[in-house]
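> Once you've had a glance at the structure underneath, I'll fire off some questions.
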C-alpha cells in the first residue's frame with residue numbers, strides 16, 4: 001500500500017472508528033477496551049472480531065512463547081502468515097462468525113468505570129494529588145519549554161529580520177551612491193559631449209577652410225602647370241622652327257659656298273674643311289671676311305640653340321617640381337580628411353557612450369606649399 005493511502009487509512013481508523021479516543025486521558029479508554037477484551041474474548045466491533053480471530057488462530061504459538069517471543073511473533077511471523085490470500089480470507093471469515101452482544105460491552109464498560117472509581121476512592125488522596133501535581137508540573141514544563149522555544153524562535157526571527165533590514169539598508173545606500181555617481185557621470189558625459197560637439201564644429205570649420213584653401217592651391221597649381229606646359233609647347237615649337245630655319249639657312253650657305261670657287265676648294269660637300277696646302281697669299285680678303293661672318297653666325301645659332309634647350313630643361317624641371325608639390329598637397333589633404341573623419345567618428349562614439357572618453361588631439365592644418 002502506498003504511503004498516502006496508508007495515512008488515509010490511519011486517519012479513517014483514528015477518527016471514524018474512534019481509536020483516537022483510546023490515547024486520551026492517560027489511555028483510560030484503551031485500558032477499558034483491554035478490560036472488555038479480557039472479559040469478552042469476543043467482540044461485536046470489527047476490531048474486536050479481528051483481534052479475537054487472530055488470538056484464536058495464534059493461541060498455541062502465543063502460549064508457547066515468552067513476552068519477547070510474543071512481540072516478535074506479532075511483528076514478524078503474524079504478518080507473513082496472512083500475506084497469503086487464502087489465510088487472510090479464512091481469518092476474515094472467522095472474524096465475521098464471531099458474535100459479541102453489545103449489551104455485554106456496555107455492561108463491561110460500566111463495570112470498568114465502577115472499578116476505576118472504586119480504585120480512585122481507595123487510593124490515598126495525597127498520592128492522587130501528587131500524581132495530579134506531577135501531571136500538572138509536566139504540563140507546565142512542557143508549556144514553558146514550548147514558550148521558550150517560541151521565544152527563541154521569535155528572537156531568532158527578529159535577529160534575522162534585523163539583519164535582512166540592515167542588509168537592505170546597506171544595499172539601498174550603495175544603490176543611492178551608485179545612482180548619484182551615475183547622475184554625476186551623466187552630467188559630465190553631457191558636458192563632454194557638448195565640448196566635443198563644439199570642438200567638432202570648430203574642426204569642421206577649420207578643415208572646411210583648409211579644404212577650400214587646398215582646392216584653391218590645387219586650381220592655382222593646375223593653372224600654373226597648364227601655363228608651363230603651354231610655354232614648353234610653344235618653346236618646343238619655336239625650337240623646331242628655329243632648327244628648321246637653321247637647317248635651311250645652313251643649306252643656303254652650303255649652296256653659296258659650293259657656288260663660290262674659293263669656298264668650294266676649302267669646304268667639302270658635307271661642309272668640312274679640305275686638308276690642302278693653300279697658300280695664304282692666294283686667299284683673298286673677301287673669302288676671309290665671309291668665312292668669319294659664317295663662323296660668327298654659326299656660333300650665334302649654336303648659342304641660341306643651347307639657351308633654348310636650357311630653357312626647355314628648366315621648364316621641365318619646374319613642371320616636375322610643381323607636379324611633386326601638387327602630389328604632396330593632395331596627400332596632405334587626404335590625410336587631413338582621414339584624420340578629421342576618424343576624429344569625428346570618435347567624437348560621435350564618445351558622445352553616444354559606445355567607448356570611453358578620450359581627450360581630443362590637436363590636429364595641425366596642412367602646410368601651405370610654396
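Numbering (the UniProt record's numbering), first residue to last: 1 to 370. For every residue, glycine included, the Cβ atom is placed at its ideal position computed from N, Cα and C.
1. Tell me where the alpha helix (DSSP H) around residue 87 begins and ends.
2. Alpha carbon to alpha carbon, how far is residue 374 from residue 189?
3. Check each candidate in 212, 72, 168 and name the one with the smallest Cα separation from residue 336.
4. Go through its chain and collect everything with a Cβ distance to residue 235's Cβ below 7 angstroms, but skip five positions before and after it.
5. Report the residue from 28, 217, 325, 294 whose alpha carbon sits nearest the alpha carbon of residue 117.
6. For residue 150 and residue 138, what's the separation of their Cα atoms in angstroms?
7. Over the uninterrupted alpha helix (DSSP H) stretch that includes residue 79, give me the two end residues.
8. Within the same chain, show all residues whose beta-carbon is closer than 8 angstroms to that of residue 378, passing over the 5 residues directly before and after it, in chain order.
9. If the criterion is Cβ atoms closer than 8 angstroms, does the pair residue 224 and residue 329 meet it?
10. Note down, in chain order, each residue of its chain lying with its Cβ closer than 7 angstroms to the Cβ of residue 61, except the 5 sequence neighbours on either side.
11. Under three-state DSSP, which class holds residue 17?
12. DSSP state of residue 25, grouped into three classes?
13. Are residue 209 and residue 319 closer than 8 angstroms when you measure CB to CB?
14. Shortest alpha-carbon distance to residue 26 belongs to which of 327, 135, 127, 227?
15. With C-beta atoms as the reference, is residue 33 less than 8 angstroms away from residue 22?
16. Would you please state the rounded distance, in angstroms, between the beta carbons of residue 120 and residue 128? I believe it to be under 8 angstroms.
17. May I ask you to report which of helix, strand or coil DSSP gives residue 125?
18. Go ahead and pull the three-state DSSP assignment for residue 1.
19. Looking only at its chain, what residues have a beta carbon closer than 8 angstroms to the beta carbon of residue 232, apart from the 5 residues adjacent to it on each side?
20. Quick check on residue 65: does DSSP put it in helix, strand or coil?
21. Please name the residue in 97, 111, 96 whose C-alpha comes closest to that of residue 373.
22. Among 30, 343, 115, 124, which residue has its Cα nearest to the Cα of residue 199?
According to the structure shown:
1. 85-97
2. With the chain running from 1 to 370 in the structure shown, residue 374 is simply not present.
3. A check of alpha carbon separations from residue 336 across 212, 72, 168 identifies 212 as the nearest.
4. 308, 311, 312, 315
5. 28
6. 18 angstroms
7. Annotation for residue 79: the continuous alpha helix (DSSP H) segment containing it runs 78-81.
8. Any question about residue 378 goes unanswered here, given that the chain covers just 1 to 370.
9. no
10. 73
11. coil
12. coil
13. no
14. 135
15. By the CB criterion at 8 angstroms, residue 33 and residue 22 fall inside the cutoff.
16. 7 angstroms
17. helix
18. coil
19. 312, 315, 316, 319
20. coil
21. The requested residue 373 does not occur in the structure, where the chain is confined to residues 1 to 370.
22. 343
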